[in-house]
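Notes for the one structure printed next.
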Amino acid sequence: MTLTFTSKASVHGIAIDELNVNVKAPGGTEKFTPAKSGDYQIHCNTFCGEGHG
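So my numbering is basically just the index in the sequence shown, starting at one, shifted up by 43.
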């Protein structure tokens with residue numbers, strides 16, 4: 044699976060802890076193979092304003 048994450052605003056980032064995925068934008072690309080299919084929590088990993096990071 045390839046996840047491409049871009050941002051037109053400031054620096055942003057996302058993480059999927061269960062899959063050890065950490066992507067920063069602009070221009071972040073992460074290739075990974077999940078061990079199993081399922082639902083995963085995606086969260087912001089970069090402080091970009093109140094309530095984030």
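The beta carbon of each residue, even a glycine, is placed where N, CA and C say it ideally should be.
- Residue environment: HIS55 is assigned as buried (16 or more neighbouring CB atoms within 10 Å of its CB, all protein chains considered).
- Scanning its chain for C-beta atoms nearer than 8 Å, with the 5 sequence neighbours on each side dropped, one finds around MET44 the residues LYS74, PHE75, THR76, PRO77, in chain order.
- In the same chain as ALA58, and ignoring 5 residues on each side of it, the C-beta atoms closer than 7 Å to its own belong to VAL64, ASN65, HIS86, ASN88, in chain order.
- PHE90 and GLN84 have their alpha carbons spaced roughly 18 Å apart.
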